[in-house]
């Protein structure tokens, strides 16, 4: 358990800290979901699948632009 989790455990009965903990955990969950979607998207792009739902977003944009530039040479 890290320091932040220990802090929340000690203060979990206090209303203010309970709200902070809830937002913290929700943010972590959203970040984890976004990260896994990006990983799935990157794996799909590597396999040659289109990124139709924009799972990868701008992560590979630089690499894609570089590939296009090299193909035009």
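Numbering (the UniProt record's numbering), first residue to last: 1 to 73. Here a beta-carbon is modelled for each residue, glycine too, at the ideal position from N, C-alpha and C. As the structure is a computational prediction, the values presented were derived from the model and not from experiment.
Here the alpha carbons of residue 30 and residue 15 stand approximately 23 Å from one another. The closest CA to that of residue 23, considering only 35, 8 and 34, is found on 8. The alpha-carbon of residue 25 is positioned some 14 Å away from that of residue 6.
Taken through DSSP and simplified to helix, strand or coil, residue 30 comes out as helix. Our two residues, residue 50 and residue 10, have alpha carbons roughly 48 Å apart in a direct line. Around the Cβ of residue 41, a 10 Å sphere holds 16 or more other Cβ atoms; the residue is buried.
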